[in-house]
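Undergrad: Residue numbers (UniProt numbering): 1 to 115.
Positions of the beta carbon are idealized from the N, C-alpha and C atoms, including for glycine.
Here it is, the structure, as structure tokens.
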């Protein structure tokens with residue numbers, strides 16, 4: 001029997017704490033989730049927008065549960081509460097990718113201000 005591939009899915013939440021209070025969108029990529037998150041930060045900052053992820057792993061009790069993706073090093077504490085997520089290569093790769101997206105966003109802001 002072929003072992004099922006472990007995958008990750010991303011969500012953009014207008015309200016990271018209470019999903020029913022705003023839009024909650026399943027995204028095809030982390031970049032898509034980040035763009036929606038940026039939009040929510042502009043339009044609904046008071047609702048605590050978030051990016052969340054879900055690992056699909058039939059061998060884990062954490063499979064298909066949504067969990068917040070840390071968007072800064074200070075947010076890493078929540079992830080450390082769940083070693084499965086904290087040590088998962090797909091989650092750590094997503095954290096690296098979101099850091100790159102944030103750096104690109106900062107560079108773009110600086111270019112726009114310089115014009």
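With DSSP as the reference, label residue 37 as helix, strand or coil.
TA: The answer is helix: DSSP assigns residue 37 an H, G or I state.
Undergrad: Quick one: give me the first and last residue of the beta strand (DSSP E) that residue 70 is part of.
TA: Here residue 70 belongs to no beta strand (DSSP E), and DSSP marks it neither H nor E.
Undergrad: With a 10 Å radius around its C-beta and 16 neighbouring C-beta atoms as the bar for buried, classify residue 77 as buried or exposed.
TA: It is exposed - the Cβ of residue 77 has fewer than 16 other Cβ atoms within 10 Å.
Undergrad: Which of the three DSSP states is assigned to residue 19 in this structure?
TA: Looking at residue 19 - three-state DSSP - the assignment turns out to be helix.
Undergrad: Taking the alpha carbon of residue 70 as the point to measure from, which residue in 53, 31 and 24 has its own alpha carbon closest?
TA: Of 53, 31 and 24, the residue nearest in Cα terms is 53.
Undergrad: Starting from residue 52, trace the beta strand (DSSP E) in both directions and tell me its first and last residue.
TA: Where residue 52 is concerned, the enclosing beta strand (DSSP E) stretches over 50 to 56.
Undergrad: For the beta strand (DSSP E) holding residue 85, just list the boundary residues, first then last.
TA: Where residue 85 is concerned, there is no enclosing beta strand (DSSP E), although the alpha helix (DSSP H) it sits in stretches over 83 to 86.
Undergrad: If you reduce the DSSP assignment to three classes, tell me which class residue 66 lands in.
TA: If DSSP states are grouped into helix, strand and coil, residue 66 belongs with the strands.
Undergrad: How about residue 93 and residue 86: do their beta carbons lie closer than 8 Å?
TA: It is not a contact, given that the beta carbons lie outside the stated cut-off.
Undergrad: Does the beta-carbon of residue 51 have 16 or more other beta-carbons within 10 angstroms, so that it is buried, or is it exposed?
TA: Burial call: buried.
Undergrad: Assuming residue 90 contacts residue 55 (C-beta within less than 8 Å), just tell me the rounded distance between them.
TA: Going by Cβ atoms, the distance from residue 90 to residue 55 rounds to 6 Å, so yes, they are a contact pair.
Undergrad: In the DSSP assignment, find the unbroken alpha helix (DSSP H) run with residue 76 in it and report its ends.
TA: Here the alpha helix (DSSP H) through residue 76 covers 76 to 80.
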